[in-house]
Ligand code: 13P
Ligand code: SF4
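This is how it looks when you write it as structure tokens:
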């Protein structure tokens with residue numbers, strides 16, 4: 012079912028209007044999890060309360076791996092649509108629910124299927140590598156899916172004489188070209204959160220904190236990645252602050268990661284990287300933050316909105332995800 016159709020179905024169901032003022036969300040979510048043999052998977056960018064109640068918190072790769080091996084009957088995906096869709100592709104017989112179906116992703120939206128298909132068809136000799144932040148339709152047109160954790164390994168696994176298309180994140184693509192020395196054709200997509208950071212303000216802040224290390228997610232712009240001491244996925248950034256001897260960090264990624272980081276290194280100073288427009292909360296992903304404890308409770312109670320996917324599309328998309336899983340073992 013398309014995202015639009017599913018959203019319409021959700022409006023028709025209308026259960027988001029049900030009053031829940033008296034509900035103790037923590038108690039009820041714990042009860043429903045047990046009663047329904049559900050597992051709650053949450054991304055590091057979720058609000059703190061959701062991270063705290065989840066069975067497993069991780070980055071895109073770890074969450075896909077956890078979804079692939081769960082024996083729960085219901086997967087409650089506290090993340091965005093493409094993540095829940097990936098879990099459904101891996102678990103066609105299980106119920107997969109997402110607290111808010113409108114939780115999309117600017118990167119996934121930057122690759123419309125018709126345009127991407129035409130691009131792929133125009134380069135039939137290329138191996139197509141797509142970031143996991145894509146729709147099932149794009150994954151079905153892809154040879155190997157990757158995440159920011161395994162992207163370098165996946166590009167390096169492709170024979171040197173094979174030309175590569177990389178989509179949809181141009182910043183991650185650029186960074187991979189630098190890391191692997193491969194000349195890749197890049198799709199022109201971007202994450203609006205990681206593009207919002209201000210290099211001038213970051214350098215200003217670094218002057219005020221001369222001992223702080225700048226660390227960044229590879230979805231950030233090229234000039235920021237150039238000055239970063241470390242570039243890595245969300246789990247890479249988390250490990251880095253744990254292992255580095257530095258006591259202060261300026262962190263250029265979605266601000267939700269600071270919750271887990273601060274729990275791991277309570278004694279260190281973690282400073283969120285400033286954004287260009289100080290009037291917006293652009294370092295928060297508005298899609299990720301659509302999920303709330305109330306919506307988490309409602310989706311577990313009513314088992315809606317559930318992710319559905321046509322079987323022929325699922326099978327095609329699965330191949331590119333399985334190739335990723337195989338290479339990242
Ligand atoms: P990772 O979880 O792979 O680091 O990706 C970050 C992200 O932007 C997810 O949408
Ligand atoms: Fe998409 Fe960026 Fe939000 Fe991640 S942080 S879900 S890449 S918009």
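Residue numbers (my numbering): 12 to 340. All C-beta atoms in this analysis are idealised placements derived from N, C-alpha and C, irrespective of residue type, glycine included.
Regarding residue 301 and ligand 2, is the C-beta to nearest heavy atom distance less than 7 Å? As a working note, residue 301 is residue 290 in the chain shown. Residue 301: no, Cβ never under 7 Å from ligand 2.
Give a yes or no on whether the minimum CB-CB distance between residue 257 and chain C is below 8 Å. Here there is only one protein chain, and chain C is not present.
Any contact between the stretch 62 to 79 and the stretch 234 to 246? By contact I mean 3 or more CB pairs, one from each, below 8 Å. yes
For the stretch 171 to 189 and the stretch 82 to 99, state whether three or more C-beta atom pairs, one from each stretch, are separated by less than 8 Å. no
With DSSP as the reference, identify every bridge partner of residue 195, one or two as the case may be. Indexing the chain shown from 1 puts residue 195 at position 184. Residue 195 pairs with 175.
According to DSSP, what are the bridge partners of residue 106? One-based indexing of the chain shown puts residue 106 at position 95. Paired residue(s): 85.
Taking Cβ to Cβ, would you say residue 229 is nearer than 8 Å to residue 198? Residue 229 sits at position 218 when you count from the first residue of the chain shown. Residue 198 sits at position 187 when you count from the first residue of the chain shown. Their beta carbons are not under 8 Å apart, which means residue 229 does not touch residue 198 by this criterion.
Nearest to residue 326 by CA position, among 36, 154, 120, is which residue? As a working note, residue 326 is residue 315 in the chain shown. Residue 154 is the option with its Cα nearest to residue 326.
Beta-bridge pairing of residue 208 - partner residues as DSSP gives them: The residue labelled residue 208 in the question sits at position 197 within the chain shown. DSSP, once it has assigned bridges, lists 286 as partnering residue 208.
With the cut-off set at 8 Å, would you say residue 258 and residue 271 are in Cβ contact? Here residue 258 corresponds to residue number 247 of the chain shown, with the count starting at 1. Here residue 271 corresponds to residue number 260 of the chain shown, with the count starting at 1. No, Cβ-Cβ distance for residue 258 and residue 271 is not below 8 Å.
Quick check on this structure: which residue in 241, 213, 300 has the alpha carbon closest to the alpha carbon of residue 190? Stepping through the chain shown from its first residue, residue 190 is reached at position 179. Comparing Cα positions, the closest option is 241.
Using the beta-carbon of each residue, find all residues closer than 5 Å to any heavy atom of ligand 1 and list them in chain order. 70, 71, 158, 159, 244, 245
Tell me whether residue 205 counts as near ligand 2, meaning its Cβ is closer than 7 Å to at least one heavy atom of that ligand. Mapped onto the chain shown, residue 205 falls at position 194. Yes, the beta carbon of residue 205 sits closer than 7 Å to at least one heavy atom of ligand 2.
Given the structure, does residue 118 come close to ligand 2, in the sense that its CB is under 7 Å from one of the ligand's heavy atoms? The count along the chain shown starts at 1 and reaches residue 118 at position 107. It does: the Cβ of residue 118 is within 7 Å (strictly closer) of some heavy atom of ligand 2.
Hey, would you say the C-beta of residue 182 is under 7 Å away from at least one heavy atom of ligand 2? Residue mapping note: residue 182 aligns to position 171 of the chain shown, counting from 1. No, ligand 2 has no heavy atom inside 7 Å of this Cβ.
Would you say the beta carbon of residue 250 comes nearer than 7 Å to a heavy atom of ligand 2? By 1-based counting over the chain shown, the position of residue 250 is 239. Flag unset: Cβ of residue 250 not near ligand 2.
Within 10 Å of its beta-carbon, does residue 111 have 16 or more other beta-carbons around it, so buried, or fewer, so exposed? Along the chain shown, read from residue 1 onward, the residue named residue 111 stands at position 100. Label assigned to residue 111: buried.
Residue 36 (DSSP reduced to helix, strand or coil): On the chain shown, position 25 is the one that residue 36 refers to. The answer is helix: DSSP assigns residue 36 an H, G or I state.
Residue 313 - containing alpha helix (DSSP H), residue span: Locating residue 313 in the chain shown gives position 302, where the first residue counts as 1. Element bounds for residue 313: 304 to 313.
Report the three-state DSSP secondary structure of residue 115 (helix, strand or coil). Translated into positions along the chain shown, residue 115 becomes position 104. In the structure shown, residue 115 sits in coil (DSSP, three-state: anything other than H, G, I, E or B).
Please state whether DSSP places residue 46 in a helix, a strand or coil. On the chain shown, residue 46 is found 35 positions in, with the first residue counted as 1. Residue state, collapsed to three classes: helix.
Relative to the C-alpha of residue 298, which candidate in 249, 47, 92 has its C-alpha closest? Position 287 of the chain shown, counted from the first residue, corresponds to residue 298. Nearest option by C-alpha distance: 92.
Euclidean distance between Cα positions of residue 30 and residue 147: Here residue 30 refers to the residue found at position 19 when the chain shown is read from its first residue. Here residue 147 refers to the residue found at position 136 when the chain shown is read from its first residue. Going from the Cα of residue 30 to the Cα of residue 147 covers about 34 Å.
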